[in-house]
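Colleague: I'd like to ask some things about the structure below.
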Amino acid sequence: MKFLLLTCLTFLLTAEVMAENTNVVANPPVKEVQPGIFEIGKVRLDKSDRSISFPAAINMTNGPVEYLLVSAVGKLHESVLKTEVDPMHIHLSALLLGAKGAQTNLTVHDFDTKEIPGESIDLLVQWTEDGREKKVRAEQLVFNTATLKVTTKGPWIYNGSQVHGGTLVAQRDGLIVAIMSDPLALMNNPRPGRENDEIWEVNKSSVPPLNTPVQFILQFKGTKK
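Under the working numbering, residues 16 to 240 are what the sequence shown spells out, in order.
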């Protein structure tokens, strides 16, 4: 019975995403690895606390940035973190947890000047340092040169990217978490200054060394009933 339900769930979720993306990567099965904990490719989701986690790595240790996280085909020259995980698998996991689907027509100007639509989430980064696990909020890895402070503590927004010509753009372009407004990314920064490409830098005092393996964690608010 559990296998049948899981198969039906996989089919329904795949159908929803395929309706958004005709050029999707090969669809992996949804595997239950522990009670209430599932894997889609390299992405793990926990239904009980509405969290998603997957492997990533430190991509930059200094300099200006416009993205917090991109995939291997993304804008690696301006992102704090990188991952080999497919954005589509992240989005499929988010849909399974009840997140909203992709937006279709909002512009960068809309994201710059209006409240970004979507679901508030906390982003966390975890790695091993001197034999101990260290976990920080993702915004601690980004410095705001306008305020001369670490980026303000608070949530990010899961907006779900957009679909162009039958393709989920986040998958095509490797856009996962944007610091500057980008409606094509899966997630965005809602803080003031997100329209300014001159104020965001890697927080050199917080990031571990280049290529350090990390776990990237999305914590959705509340418990999905």
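Where a beta carbon is used, it is the ideal one built from N, C-alpha and C, also for glycine.
Look at the Cβ atom of A185, then the Cβ atom of I191, and state whether they are nearer than 8 Å.
Modeller: Cβ atoms of A185 and I191: closer than 8 Å.
Colleague: Using the C-alpha atoms, what's the distance from A200 back to R59?
Modeller: Straight-line Cα distance between these residues: approximately 20 Å.
Colleague: Can we say the stretch 140-154 touches the stretch 107-116, given the rule of at least three CB pairs closer than 8 Å?
Modeller: At 8 Å Cβ cutoff, the stretches do not touch.
Colleague: What runs of the beta strand (DSSP E), each 3 residues or longer, lie entirely inside the stretch 80-111?
Modeller: The stretch 80-111 contains these whole beta strand (DSSP E) runs: 82-86, 94-98.
Colleague: Where does E213 fall in DSSP's three states?
Modeller: DSSP places E213 in coil when its eight states are reduced to three.
Colleague: When you compare each of W142, S135, E148 to K168 by their alpha carbons, which one comes out closest?
Modeller: That would be S135, whose Cα lies nearest to the Cα of K168.
Colleague: Give me, in chain order, the residues of the same chain whose beta-carbon lies closer than 7 Å to that of G208; leave out the 5 immediate sequence neighbours on both sides.
Modeller: So the qualifying residues of the chain are N159, A161, I214.
Colleague: Beta-carbon within less than 7 Å of I131's beta-carbon, same chain only, minus the 5 sequence neighbours each way: which residues are those?
Modeller: These residues qualify, in order along the chain: I172, N174, N203, P205.
Colleague: Assign P102 to one of two classes, buried (16 or more other C-beta atoms within 10 Å of its C-beta) or exposed (fewer than that).
Modeller: With 16 or more Cβ atoms within 10 Å of its Cβ, P102 is classed as buried.
Colleague: Quick check on the DSSP output: the beta strand (DSSP E) that includes T143 runs from which residue to which?
Modeller: Looking at the DSSP string, the run of the beta strand (DSSP E) that includes T143 is 134-144.
Colleague: Tell me the DSSP bridge mates of D61?
Modeller: D61 pairs with I52, S66.
Colleague: By Cβ distance below 8 Å, which residues in the same chain neighbour V80 in space, the five residues on each side in sequence not counted?
Modeller: Cβ neighbours of V80 beyond the five flanking positions: E93, S94, V95, V157, I194, W215, E216, V217.
Colleague: Please work out which residues of its chain come closer than 8 Å, Cβ to Cβ, to V165, disregarding the five sequence neighbours upstream and downstream, and give them in chain order.
Modeller: So the list reads E154, Q155, V157, F158, N159, N218, S221, once near-sequence residues are dropped.
Colleague: Inspect the beta-carbon positions of S196 and D127 and report whether they are closer than 8 Å.
Modeller: Going by C-beta atoms, S196 is nearer than 8 Å to D127.
Colleague: Is I52 closer than 8 Å to L225 when the C-beta atoms are compared?
Modeller: Cβ distance not < 8 Å, so L225 and I52 don't count as in contact.
Colleague: For N120, tell me which candidate among S176, G56, I55 has the shortest Cα-Cα distance.
Modeller: It is S176 whose Cα lies nearest to the Cα of N120.
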